[in-house]
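Below: the structure, in structure tokens.
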Amino acid sequence: MTASPPQVLAIDLGTSAMKAALVAADGTVTGWAERPVPLRVLPGGGAEQDPLAWWTALGEVTVELGRAHPEQLRAVGTVCASTQGEGTIAVDAAGEPLTPCISWLDMRGAAHLRRQFGGFPAYQGMSLRRIARWLRLTGGMPSPTGKDPAAHMLFVRDSMPQVYARTAAFLNVLDWINLKLTGRAVATVDSILTSWVTDNRRPGAIRYSPALVADCGIDADKLPPIVACTDVIGTLTPAAAAHLGLPASVRVVAGAIDTTAAAIGAGTTGDNDPHLYVGTSSWIAAHVPRKKTDISAGIASVPCAIGDRYLMTALQATAGANLTWLRDKIVEYDDPLLGAGQVSRDEGTIFDAFDTIIPTVPPGAGGVLYTPWLYGERAPVDDANLRAGFLNISLDTTRSELLRAVFEGVALNTRWLADAVDRFLGAPVTSLAITGGGALSDSWCQIFADVLGVEIRRDAQPLAVNARGAGWIGAAGTGLLTFADVPGLMRTDQVFAPNPTHRATYDEIFDVYRQLHRRLAPVYRRLNRPASSSTRA
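The numbers in full-length UniProt numbering rise by one with no breaks, and the one at position 31 of the sequence shown is 31.
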């Protein structure tokens with residue numbers, strides 16, 4: 001019996017679950033374990049998670065992996081994490097959290113952001129002079145919605161002054177996991193991005209901008225040192241080693257936030273080779289050789305795991321979250337809709353039922369349209385006031401048509417995003433890798449192919465993309481491979497070609513979809529701004 005090849009314990013912490021896998025340098029994923037982690041949605045736009053619950057869950061999934069795959073766990077020489085991005089945790093001098101994680105969904109800092117960065121003339125409440133400097137140095141700017149660390153830190157400073165005074169460092173989600181693993185507080189080139197305090201003009205030399213730090217409103221000593229995603233930042237502390245059941249000699253590679261890791265895990269490490277990730281949120285991303293920003297579409301190329309490249313990322317706020325909403329708010333386990341999919345609590349999931357029903361409904365969903373803006377939108381428009389909705393329902397409309405409309409609505413929004421991506425890359429995308437949990441649906445993959453009019457190449461293990469990306473980043477950081485090796489290691493299980501007849505149907509629907517946004521955006525602004533304004537005052 002041959003010994004197991006070297007393994008990376010790949011941590012994948014998303015918004016809904018802590019996951020871990022054992023990943024070899026060739027991309028083989030052995031073992032998989034996960035635990036749900038709760039998200040608290042609070043009045044006034046708040047959204048929080050408990051970082052200590054993440055740590056507890058990480059210990060549990062690693063123990064589970066060890067029981068199922070003891071030989072591979074013994075072969076672990078590296079730990080590397082991929083996590084959700086744009087969360088913020090204040091920690092004290094001992095590394096203990098002073099706050100819950102303020103999630104990437106949290107908008108409570110929006111008013112604080114406007115107060116800190118206002119001025120005349122202004123755009124979306126922020127000084128145009130400051131915006132110009134952000135764009136020149138970082139490639140982007142803080143979201144006016146308050147959904148990133150730049151706003152989160154100001155919210156802590158202004159709303160929790162005693163906590164702010166005790167804060168030794170503000171850490172992103174990835175940074176906190178690395179602190180627990182190594183005892184060292186650092187930020188990676190991608191985790192620090194949305195604090196909007198770095199000079200990103202040289203991809204191999206990302207550093208703090210003194211001017212941006214001086215202007216950000218946060219004490220400079222509360223911002224952690226910056227490292228590359230592939231840097232070995234230390235070895236496991238004795239406490240972390242005991243928690244994970246690993247030797248203290250195991251090295252920790254800095255890792256990356258989810259968008260960065262997925263771009264590696266999808267095998268798309270070549271220039272202008274895009275992938276579509278479909279999870280709770282979704283995005284289209286591709287590595288590019290130059291720093292560039294499309295202000296109107298909210299798309300930028302930003303620092304990433306490949307040291308001499310940038311990652312173009314175009315983010316859609318909610319994708320699979322629309323299906324979770326259907327599952328949790330519309331359909332119950334005893335619902336007859338489950339019977340249509342011939343699944344039960346023991347035999348499958350409601351998503352299996354959805355995938356069985358979708359092909360029974362013709363493209364166009366009987367004329368019903370769905371806008372998937374459950375929590376506002378990020379790109380190609382940054383508008384927190386947008387909301388989801390069904391349109392053109394009649395007495396003849398069936399629930400199955402409503403279901404297909406949701407799948408199509410997410411794809412139509414992705415097409416809107418893809419048009420901006422084509423302009424950014426300078427050429428139309430003709431083939432797109434798809435990954436993430438949404439890629440498990442054959443029906444959805446075909447809908448994406450038809451709506452986008454491009455070939456869709458499905459990742460053979462789409463649920464493992466972030467873990468595989470973390471594994472490959474860890475392997476690159478410890479010299480087991482180079483990023484140029486990655487495309488040759490990637491496995492595709494099916495290619496979905498667009499159906500020309502369906503494409504014609506979706507072309508017409510897409511025109512209407514764009515009109516809906518133009519007409520509904522002012523309505524949503526009127527409906528939702530008063531409530532958000534009162535909570536931000």
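Just so it is clear, CB atoms sit at the ideal spot from N, CA and C, and this is done for glycine as well.
Alpha carbon to alpha carbon, how far is residue i from residue j?
i: ALA111; j: GLU48; result: 18 Å
i: ALA29; j: THR505; result: Looking at the sequence provided, one finds Val at residue 29 rather than Ala. Distance between the alpha carbons of VAL29 and THR505 is about 40 Å.
i: VAL91; j: ALA168; result: 6 Å
i: ARG345; j: ALA93; result: Since pLDDT at ARG345 reaches only 38, below the 50 mark, its modelled position is unreliable, and no value is offered.
i: ASP352; j: ASP328; result: 15 Å
i: THR430; j: THR56; result: 43 Å
i: ASN392; j: LEU402; result: 10 Å
i: GLY426; j: SER82; result: 30 Å
i: PRO70; j: VAL63; result: 10 Å
i: GLY66; j: GLN72; result: 8 Å
i: ILE456; j: MET126; result: 39 Å
i: ALA187; j: PRO224; result: 6 Å
i: THR182; j: GLY234; result: 6 Å
i: TRP104; j: GLY46; result: 10 Å
i: ILE299; j: ASN200; result: 15 Å
i: SER443; j: HIS275; result: 18 Å
i: LYS19; j: LEU13; result: 6 Å
i: GLU377; j: PRO5; result: 43 Å
i: TRP54; j: GLY44; result: 25 Å
i: ALA211; j: ILE218; result: 12 Å
i: VAL8; j: LEU22; result: 6 Å
i: ASP221; j: VAL227; result: 16 Å
i: ILE473; j: GLY267; result: 12 Å
i: TYR277; j: ILE284; result: 6 Å
i: GLY265; j: LEU432; result: 14 Å
i: ALA75; j: ALA248; result: 13 Å
i: THR15; j: MET107; result: 16 Å
i: GLY341; j: VAL331; result: Residue confidence for GLY341 is low, a pLDDT of 45 falling below 50, so the modelled location carries little weight; the figure read from the coordinates is stated next. Their backbone Cα atoms lie some 13 Å apart in a straight line.
i: GLY85; j: ALA185; result: 16 Å
i: GLN124; j: THR145; result: 10 Å
Comparing alpha-carbon positions, which option in the options lies nearest residue i?
i: TRP196; options: ILE233, VAL8, LYS147, ALA68; result: LYS147
i: GLN116; options: LEU223, LEU403, PRO363, ALA214; result: ALA214
i: SER281; options: PRO100, PHE424, ARG529, ALA319; result: ALA319
i: ALA497; options: LEU22, VAL454, LEU516; result: VAL454
i: LEU174; options: MET312, PRO51, VAL523; result: PRO51
i: GLY469; options: SER4, MET312, THR259; result: THR259
i: GLU508; options: CYS445, GLY364, TYR370, LEU489; result: GLY364
i: CYS216; options: ARG202, CYS229, THR198; result: THR198
i: ALA261; options: SER16, GLY471, ASP26; result: GLY471
i: LEU489; options: ALA10, ALA25, ALA17; result: ALA25
i: PRO100; options: VAL41, ALA239, TRP373; result: VAL41
i: TYR513; options: ILE434, PRO372, SER394; result: PRO372
i: ARG166; options: ALA475, ASP106, ILE89, ASP511; result: ILE89
i: VAL151; options: ARG114, TRP176, GLN124, LEU135; result: Before going on, a small fix: residue 151 reads as Ala here, not Val. The option with the nearest alpha carbon to ALA151 is ARG114.
i: PHE448; options: ILE102, THR78, ARG503; result: ARG503
i: LEU135; options: VAL486, TRP416, ARG404, THR194; result: THR194
Would residue i be called buried (16 or more neighbouring beta carbons within 10 Å of its own) or exposed?
i: ALA263; result: buried
i: GLY477; result: buried
i: ASP450; result: buried
i: VAL495; result: exposed
i: GLN162; result: exposed
i: ASP511; result: exposed
i: TYR524; result: buried
i: GLU96; result: exposed
i: GLY270; result: exposed
i: PRO38; result: exposed
Check the C-beta distance from residue i over to residue j and give it rounded, since I have them as a contact under 8 Å.
i: CYS304; j: ASP190; result: 6 Å
i: ASP308; j: GLY204; result: 6 Å
i: GLN316; j: THR414; result: 6 Å
i: GLY119; j: ARG129; result: 7 Å
i: ASN172; j: GLY87; result: 6 Å
i: SER458; j: THR492; result: The identity of residue 458 in the sequence shown is Arg, whereas the question assumes Ser. Confirmed, Cβ separation roughly 6 Å.
i: LEU516; j: LEU369; result: 7 Å
i: ALA297; j: PRO380; result: 4 Å
i: SER400; j: THR356; result: Actually they do not touch by this definition, with Cβ atoms about 10 Å apart.
i: LEU244; j: GLY59; result: 6 Å
i: ASN272; j: ALA256; result: The Cβ separation is near 20 Å, so there is no contact.
Should residue i be flagged as near chain D, meaning a C-beta pair shorter than 8 Å?
i: LEU480; result: In the structure shown, chain D does not exist; there is a single protein chain.
* Taking contact to mean at least 3 C-beta pairs separated by less than 8 Å, is the segment 403 to 411 in contact with the segment 246 to 256? -> no
* To do: Answer yes if the segment 461 to 469 comes into contact with the segment 436 to 446, meaning at least three C-beta pairs across the two stretches below 8 Å, and no otherwise.
  => yes
* Asked: Do three or more CB pairs link the segment 297 to 312 to the segment 412 to 421 at distances below 8 Å?
  -> yes
* Pair every Cβ in the segment 516 to 524 with every Cβ in the segment 381 to 396, then say whether three or more of these pairs are closer than 8 Å. => yes
* For the segment 137 to 145 and the segment 287 to 297, state whether three or more C-beta atom pairs, one from each stretch, are separated by less than 8 Å. => yes
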